[in-house]
Amino acid sequence: MEATTVKLNLNMDTISSDRKADTEELQKLVGGFLNAFLTNDVALVEQELPDDFLGIVPDGRVINKALEIENVKSVALESLNTDQVKIYWYGDTVAIINFCLSIKLKGQDAVEVRDSHVYMKRDGRWQMIMGHATPILQPWVLSS
């Protein structure tokens with residue numbers, strides 16, 4: 019099966035008019051970043067991630083830009099699907115995009131993670147400064 023293109027489906031009707039241009043730009047950046055994993059597009063990740071990028075992967079390891087590039091190089095994905103996409107704004111220079119991500123590695127069952135990308139506007143362009151993926155497990159409740 020060939021990899022499909024990832025689309026981030028934000029309901030643009032709920033976005034205020036002063037945020038639409040930034041929201042559309044962020045939508046393209048996140049979609050491009052996720053598609054880079056599907057197509058092993060190292061050049062895009064090298065170009066888009068800042069040198070001070072910080073990531074936390076589902077097993078809890080902290081990674082930097084170089085390790086994220088290695089992930090893009092080596093991963094063998096069959097598909098990625100997003101759901102429950104929300105964007106949170108903090109002033110005019112910080113946005114957090116949170117979504118569920120269903121990941122299907124070639125030859126394996128799909129797994130789901132909750133993914134958050136933190137973007138900062140620097141020199142007029144948005145850059146992902148942090149990414150954090152947490153596995154979605156069975157619900158749990160703290161007991162008293």
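The sequence shown runs 19 to 162 under our numbering.
C-beta: ideal position from N, C-alpha, C; glycine also.
Please read these numbers as outputs of a predicted model, since none were measured by experiment.
What residues match up with residue 70 in a beta bridge as DSSP calls it? On the sequence shown, residue 70 is found 52 positions in, with the first residue counted as 1. Beta-bridge pairing links residue 70 to no other residue.
Under the three-state reduction of DSSP, which class applies to residue 113: helix, strand or coil? Reading the sequence shown from its first residue, position 95 is the one you call residue 113. Looking at residue 113 - three-state DSSP - the assignment turns out to be strand.
Would you report the Cα separation of residue 65 and residue 160, rounded to the nearest angstrom? Walking along the sequence shown from the start, residue 65 turns up at place 47. Walking along the sequence shown from the start, residue 160 turns up at place 142. Approximately 43 angstroms between the Cα atoms of the pair.
So the alpha helix (DSSP H) residue 80 belongs to, where does it begin and stop? Position 62 of the sequence shown holds residue 80. First-last for residue 80: 80–82, but that is the beta strand (DSSP E), not the alpha helix (DSSP H).
Residue 11 to residue 45 span [Cα, whole Å]: Absent from the structure is residue 11, since the part of the chain shown begins at 19 and ends at 162.
Whole-angstrom distance between residue 131 and residue 104, CA atom to CA atom: Stepping through the sequence shown from its first residue, residue 104 is reached at position 86. Stepping through the sequence shown from its first residue, residue 131 is reached at position 113. For residue 104 and residue 131, the distance between alpha carbons rounds to 15 angstroms.
Distance, residue 152 Cα to residue 71 Cα: Counting from one through the sequence shown, the residue named residue 71 turns up at place 53. Counting from one through the sequence shown, the residue named residue 152 turns up at place 134. C-alpha separation (whole angstroms): 18 angstroms.
Across the region 86–106 and the region 114–126, are there enough close Cβ pairs to call them in contact, namely three or more that are closer than 8 angstroms? yes
Thinking residue 58 and residue 90 are a contact (beta carbons under 8 angstroms), I'd like their distance in whole angstroms, please. Position 40 of the sequence shown, counted from the start, is the residue given in the question as residue 58. Position 72 of the sequence shown, counted from the start, is the residue given in the question as residue 90. Right, their Cβ atoms sit about 6 angstroms apart.
Quick check: residue 95 and residue 51, are their CB atoms within less than 8 angstroms of each other? In the sequence shown, counting from the first residue as 1, residue 95 sits at position 77. In the sequence shown, counting from the first residue as 1, residue 51 sits at position 33. No, they are not a contact pair.
Between the Cα of residue 150 and those of 35, 137, 76, spot the shortest distance and give me the residue it belongs to. Position 132 of the sequence shown, counted from the start, is the residue given in the question as residue 150. Closest option to residue 150, Cα to Cα, is 76.
So what does residue 145 bridge to, in DSSP terms? In the sequence shown, the residue the question calls residue 145 occupies position 127. DSSP output for residue 145 lists 138 as bridge partner(s).
Near residue 62, which residues of its chain fall below 7 angstroms by C-beta distance, leaving aside the five closest residues on each side in sequence? If you number the sequence shown from 1, residue 62 lands on position 44. So the qualifying residues of the chain are 50, 54.
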